[in-house]
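Trainee:
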Amino acid sequence: MSVGMDDVERISQLAKLRLDAEEKKKMSQDLTEILEYFAQVEEVDTSSVSPMFHPVDTDNVWREDAVSDAEMTSEVLREAPQTSDGFFVVPQTVTGAKEEQDE
Amino acid sequence: MTARIPEEYQVKIGLEIHVALATETKMFCSCSTAFGDPPNTNVCPVCLGVPGSLPVLNRRAVELGMICGLALDCEVNPQMHFERKNYHYPDLAKGYQISQLVAPLAEGGHFTFGVSESQERTVRIRRVHLEEDAGKLLHGHRQQTLVDFNRCGVPLAEIVTEPDLHSASETRAFLEELRALLRAVGASEVRMEEGELRCDTNVNVLDQSTDGPKDGTEITELKNLNSFRGVEHALLWEIKRHVEALQRGDTLTHETRHWDEDAGVTISARAKEEAHDYRYFPEPDLPAVSLDPGWVDRLGEEMSETPRQRRRRLQQQYGVDDYTAGVLVSEDDLGDFFEEAVSSGGDPGEVANWLMSEVQGYLNAEEIALHELSVTPQQLVAMLQLVDSGKISGKMAKELWPRMAETGKDPDQLAQEMGLQQISDEEQLQGVIRQVLQEHPDAVSDYLAGKDRVVGFLMGQVMQKTQGQATPQLANEKLREALTEAKEGKGEED
Ligand SMILES: [Zn+2]
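The listed protein sequences derive, respectively, from chains H and S. For the first sequence, our numbering begins at 24 and goes up steadily by one. For the second sequence, our numbering begins at 69 and goes up steadily by one.
(1) If you measure from the CB of CYS267(S), is any heavy atom of ligand 3 nearer than 6 angstroms?
(2) Where the beta carbon is closer than 6 angstroms to any heavy atom of ligand 1, which residues qualify, in chain order?
(3) Going along chain H in order, which residues have a C-beta closer than 7 angstroms to the C-beta of ASP345(S)?
(4) Going by alpha carbons, who is nearest to VAL397(S) out of ALA409(S), ARG381(S) and SER411(S)?
(5) Under three-state DSSP, which class holds LYS204(S)?
(6) How big is the Cα-Cα spacing for LEU452(S) and GLN168(S)?
(7) Give the residues from the stretch 90-111 of chain S that approach chain H closer than 9 angstroms (Cβ to any Cβ), ordered along the chain.
(8) To the nearest angstrom, how far is the alpha carbon of GLU200(S) from that of ALA62(H)?
(9) What separation, rounded to the nearest whole angstrom, lies between the Cα atoms of LEU37(H) and LYS153(S)?
(10) Within the 7 angstroms Cβ cut-off, does ARG86(H) reach chain S?
(11) Thinking VAL196(S) and GLY133(S) are a contact (beta carbons under 8 angstroms), I'd like their distance in whole angstroms, please.
(12) According to DSSP, is ALA88(S) helix, strand or coil?
(13) Please state whether the Cβ-Cβ distance between VAL114(S) and PHE96(S) is less than 7 angstroms.
(14) Would you please verify whether the beta carbon of SER51(H) is less than 7 angstroms from any beta carbon of chain S?
(15) Name, going along the chain, the residues of the stretch 358-371 of chain S whose beta-carbon falls closer than 8 angstroms to a beta-carbon of chain H.
(16) Determine whether the Cβ of GLY27(H) lies closer than 7 angstroms to any Cβ atom of chain S.
(17) May I have a chain-ordered list of the beta strand (DSSP E) segments no shorter than 3 residues that lie completely inside the stretch 240-295 of chain S?
(18) Inspect the CB distances between the stretch 308-320 of chain S and the stretch 239-259 of chain S and report whether three or more fall short of 8 angstroms.
(19) How would you list, in chain order, the residues of chain H whose beta-carbon sits under 8 angstroms from the beta-carbon of THR213(S)?
(20) Tell me which residues of the stretch 118-133 of chain S have at least one Cβ-Cβ distance to chain H shorter than 7 angstroms, keeping chain order.
(21) Along the stretch 88-104 of chain H, what residues have a CB closer than 8 angstroms to any CB found in chain S?
(22) Given that a residue counts as buried once 16 or more other Cβ atoms are within 10 Å of its Cβ, and exposed if not, what is LEU265(S)?
(23) Assuming LEU422(S) contacts LEU448(S) under a Cβ cut-off of 8 angstroms, what Cβ separation, rounded to an integer in Å, is found between them?
(24) Between which two residues does the beta strand (DSSP E) containing PHE179(S) stretch?
(25) With 16 as the cutoff for other CB atoms within 10 Å, does SER70(H) come out buried or exposed?
(26) Taking SER98(S) and ARG86(H) to be in contact with their CB atoms under 8 angstroms, please state how far apart those CB atoms are, rounded to whole angstroms.
(27) Throw me the rounded Cβ distance for the SER100(S) and VAL90(H) pair, which I believe falls under 8 angstroms.
(28) Under 8 angstroms, with one C-beta from each stretch per pair, do the stretch 234-241 of chain S and the stretch 198-218 of chain S reach the 3-pair mark?
(29) Please report the Cβ distance between LEU140(S) and GLY177(S), rounded to the nearest whole angstrom; I am assuming they are in contact, meaning their Cβ atoms lie under 8 angstroms.
(30) Using a Cβ-Cβ cut-off of less than 7 angstroms, give me the residues of the stretch 56-84 of chain H that come near chain S, in sequence order.
(31) Does HIS156(S) get closer than 7 angstroms to chain H when you measure Cβ to Cβ?
(32) LYS153(S) lies in the alpha helix (DSSP H); which residues open and close that run?
(33) In terms of alpha-carbon separation, which member of THR319(S), ASN544(S) and TYR155(S) lies closest to GLY524(S)?
(34) Mind listing which residues of the stretch 163-183 of chain S have their C-beta closer than 9 angstroms to chain H's C-betas, in chain order?
(35) Express the C-alpha separation of GLY263(S) and PHE296(S) in angstroms, rounding to a whole number.
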């Protein structure tokens with residue numbers, strides 16, 4: 024199993040990472056090695072094992088529906104590169120671009 | 069703008085509806101879901117995606133989601149779990165939305181709704197799953213976008229239908245009745261103006277004649293419609309586009325489009341450089357959730373009557389017609405008001421009539437909701453009884469009602485204050501009539517000369533003298549008696 028340069032390019036785009044040619048090559052090698060390592064798992068015969076959705080078998084973990092105010096507005100806004108009247112400010116998003124990604 | 073659709077064409081519409089569940093707090097943290105608070109005041113490390121923070125599931129959100137599923141006749145899965153749906157956009161700080169893909173909350177239901185007074189249709193429900201809402205983006209000036217994360221993490225139920233709807237108006241009827249259902253069972257307040265119901269629609273058109281393309285046009289996805297009117301108009305426009313394409317032998321391309329409300333057209337979203345790839349994977353921070361069948365059963369038993377069930381019951385129990393029953397269930401508190409009024413002695417027909425004419429007229433004129441009215445169902449019944457007993461006329465009741473609505477005072481007290489009282493006392497009326505006849509001897513002699521028409525004039529005088537408070541029927545009767553007496557008296561003189 025190998026992760027080619029096309030795959031790396033696609034994944035880096037999805038992850039919004041800008042990689043130079045050197046980094047892409049390294050990523051391709053590393054990811055290929057990682058996947059090969061994990062591929063060993065496929066050698067195990069799992070025909071008699073039922074699918075597992077979560078590694079931790081716990082009882083339901085709930086929260087009751089009661090409000091508690093974290094009161095951290097000023098604290099988080101202070102961390103932002105730019106704010107305006109309590110809003111975070113980000114570069115303008117293009118109309119229509121959101122819905123391509125979000126549904 | 070209605071597309072003329074050839075008979076052999078079939079329109080297919082499927083919906084993905086996002087509904088904000090009626091919880092106090094967000095899906096995975098204890099931040100408030102209140103609408104309209106100052107920006108970024110209902111936020112915490114969890115909904116801001118601060119590394120190291122961990123989500124904890126809101127039990128009430130799961131319960132309300134189950135109620136949604138049960139109201140739509142779905143099977144609640146004995147076990148569900150969450151997935152991460154990865155995408156990068158400024159409305160979602162942590163870079164992924166927690167949603168459900170493989171094992172949703174509920175699946176395989178259906179919903180029957182009325183498309184007209186006599187016609188019902190059933191739409192299959194594919195699934196109901198839970199997910200968190202994203203933040204809100206405001207487009208400011210100077211090429212800036214402002215982000216408010218108050219909405220980020222608000223629990224949503226996503227309801228996915230099969231493509232069983234066949235027209236724009238039918239889709240609107242479906243959504244309106246779905247809204248009434250979700251409100252009635254308490255899953256959501258569905259405040260449209262707060263964006264508590266948003267809808268993606270998938271539409272295409274098939275040509276069922278033999279020479280048409282086998283699968284019809286490619287599906288168009290219309291995203292993020294937040295009003296019933298918007299859904300209907302966008303679909304009308306889009307259906308027309310598909311029909312015209314088929315007629316010229318085109319099958320279009322699969323694409324996402326947006327409804328431009330102002331221009332009244334749908335616009336293609338920018339061509340995608342690459343297809344969606346959300347790289348879903350199981351959410352490692354949340355364990356799977358077991359939905360105990362006992363819990364599910366109990367919710368099913370406790371669930372309020374659906375509007376459809378209630379509509380049928382109102383007809384059977386109170387003998388109101390289907391249209392009236394439909395109006396009474398369209399807002400749940402209207403039906404409650406009606407039933408309370410009837411149970412405190414009101415006549416079902418009279419109460420329903422008043423609710424649908426005078427009461428709704430008043431609410432519309434004042435732009436208020438029924439629950440903001442200070443009049444109780446018992447007071448409405450008391451007023452109707454004043455009419456029935458002849459103490460006030462129907463006309464007076466219409467005068468009395470808006471004052472009752474304003475003041476919340478009891479109708480008999482208010483009628484006295486306003487001087488609204490029918491004179492039903494025979495002797496009092498006879499006195500007034502005697503006076504009128506004395507004041508108008510010419511009219512009396514005209515009557516005696518056989519001119520019956522003057523009776524109308526004399527009646528008018530009686531009503532004027534009593535300031536409109538005479539019971540018209542009784543006054544008329546007494547007037548005729550008096551005139552007959554006068555005639556006989558004259559006969560005796562002759
Ligand atoms: Zn939070």
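Using N, Cα and C, we set each Cβ at its ideal position, and we do this for glycine too. None of these values were measured; they are calculated from a predicted model.
Mentor: This is what the structure gives:
(1) Looking at this structure, you won't find ligand 3 anywhere; what it does contain is ligand 1.
(2) Listed by position along the chain, the residues with Cβ atoms less than 6 angstroms from a non-hydrogen atom of ligand 1 are LYS94(S), CYS97(S), CYS99(S), VAL111(S), CYS112(S), VAL114(S), CYS115(S) and GLY221(S).
(3) Numbered from its first residue, the second sequence carries residue 345(S) at position 277. Correct list: LEU37.
(4) Sequence index remark: in the second sequence, residue 397(S) carries index 329 (1-based). Looking at the Cα atoms, ARG381(S) is the closest of the given residues.
(5) As a first step, residue 204(S) is located in the second sequence; it is residue number 136 there, counting from the start. Three-state DSSP puts LYS204(S) in a strand.
(6) Here residue 452(S) refers to the residue found at position 384 when the second sequence is read from its first residue. Here residue 168(S) refers to the residue found at position 100 when the second sequence is read from its first residue. The alpha-carbon atoms of LEU452(S) and GLN168(S) are separated by roughly 54 angstroms.
(7) So the list reads THR91, GLU92, THR93, PHE96, CYS97, SER98, CYS99, SER100, THR101, ALA102, PRO106, PRO107, ASN108, THR109, ASN110 and VAL111, given in the order they occur along the chain.
(8) Counting from one through the second sequence, the residue named residue 200(S) turns up at place 132. Counting from one through the first sequence, the residue named residue 62(H) turns up at place 39. Counting only the Cα atoms, ALA62(H) lies some 34 angstroms from GLU200(S).
(9) On the first sequence, residue 37(H) is found 14 positions in, with the first residue counted as 1. On the second sequence, residue 153(S) is found 85 positions in, with the first residue counted as 1. Each residue's Cα considered, the two are about 12 angstroms apart.
(10) Indexing the first sequence from 1 puts residue 86(H) at position 63. With respect to chain S, the C-beta atom of ARG86(H) has a partner C-beta closer than 7 angstroms.
(11) As a position in the second sequence, residue 196(S) is number 128, starting the count at 1. As a position in the second sequence, residue 133(S) is number 65, starting the count at 1. That pair is a contact at about 7 angstroms.
(12) Locating residue 88(S) in the second sequence gives position 20, where the first residue counts as 1. Annotated three-state conformation of ALA88(S) is strand, per DSSP.
(13) Locating residue 114(S) in the second sequence gives position 46, where the first residue counts as 1. Locating residue 96(S) in the second sequence gives position 28, where the first residue counts as 1. Yes, the Cβ-Cβ distance between VAL114(S) and PHE96(S) is below 7 angstroms.
(14) Here residue 51(H) refers to the residue found at position 28 when the first sequence is read from its first residue. Chain S, which has no Cβ nearer than 7 angstroms to the Cβ of SER51(H), makes this no.
(15) For chain H, the residues of the stretch 358-371 of chain S that bring a beta carbon within less than 8 angstroms of one of its beta carbons are SER358, in chain order.
(16) Start at 1 with the first residue of the first sequence, and residue 27(H) comes out as number 4. No, no contact with chain S.
(17) As far as the stretch 240-295 of chain S is concerned, its whole beta strand (DSSP E) runs of at least 3 residues are 265-275 and 288-293.
(18) By the Cβ test, the stretch 308-320 of chain S is not in contact with the stretch 239-259 of chain S, since fewer than three Cβ pairs between them sit closer than 8 angstroms.
(19) The residue you call residue 213(S) lines up with position 145 of the second sequence. Within chain H, the residues whose beta carbon sits less than 8 angstroms from that of THR213(S) are VAL112, VAL113, PRO114, GLN115 and THR116, listed in sequence order.
(20) When CB distances to chain H are screened at a threshold of 7 angstroms, the residues of the stretch 118-133 of chain S falling below it are VAL124, LEU125, ASN126, ARG127 and ARG128, in chain order.
(21) The stretch 88-104 of chain H vs chain S, Cβ under 8 angstroms: ASP88, ALA89, VAL90, SER91, ASP92, ALA93, MET95, THR96, VAL99 and LEU100.
(22) In the second sequence, residue 265(S) corresponds to position 197, counting from 1. When all chains shown are included, LEU265(S) counts as buried.
(23) Numbered from its first residue, the second sequence carries residue 422(S) at position 354. Numbered from its first residue, the second sequence carries residue 448(S) at position 380. Residue 422(S) is actually Trp in this sequence, not Leu. About 6 angstroms separates the CB atoms of TRP422(S) and LEU448(S); that is less than 8 angstroms, so the two are in contact.
(24) Counted from its first residue, the second sequence places residue 179(S) at position 111. Boundaries of the beta strand (DSSP E) around PHE179(S): 174-182.
(25) As a working note, residue 70(H) is residue 47 in the first sequence. By the 10 Å Cβ count, SER70(H) comes out exposed.
(26) Taking the second sequence and counting its residues from 1, one reaches residue 98(S) at position 30. Taking the first sequence and counting its residues from 1, one reaches residue 86(H) at position 63. Yes, they are in contact, since the Cβ atoms of SER98(S) and ARG86(H) sit about 7 angstroms apart, within 8 angstroms.
(27) Locating residue 100(S) in the second sequence gives position 32, counting from the first residue. Locating residue 90(H) in the first sequence gives position 67, counting from the first residue. Rounded, the Cβ-Cβ distance is 5 angstroms, consistent with contact.
(28) Judged by pairs of C-beta atoms under 8 angstroms, the stretch 234-241 of chain S does not touch the stretch 198-218 of chain S, as fewer than three such pairs exist.
(29) Residue numbering aside, residue 140(S) sits at position 72 when the second sequence is read from its first letter. Residue numbering aside, residue 177(S) sits at position 109 when the second sequence is read from its first letter. Contact flag correct, Cβ pair sits at about 4 angstroms.
(30) Residues PHE76, HIS77, VAL79, THR81, ASN83 and VAL84.
(31) Residue numbering aside, residue 156(S) sits at position 88 when the second sequence is read from its first letter. HIS156(S) belongs to the set of residues whose beta carbon lies under 7 angstroms from a beta carbon in chain H.
(32) Taking the second sequence and counting its residues from 1, the one referred to as residue 153(S) is at position 85. If you look at LYS153(S), you'll find it isn't in any alpha helix (DSSP H); it sits in the beta strand (DSSP E) that goes 151-154.
(33) Looking up residue 524(S) in the second sequence gives position 456. Nearest to GLY524(S) by C-alpha distance, out of THR319(S), ASN544(S) and TYR155(S), is ASN544(S).
(34) If you check each beta-carbon in the stretch 163-183 of chain S against every beta-carbon of chain H, the ones closer than 9 angstroms belong to GLY163, GLN165, VAL170 and ALA171.
(35) Here residue 296(S) is taken as the residue at index 228 of the second sequence, counted from 1. Here residue 263(S) is taken as the residue at index 195 of the second sequence, counted from 1. For PHE296(S) and GLY263(S), the distance between alpha carbons rounds to 12 angstroms.
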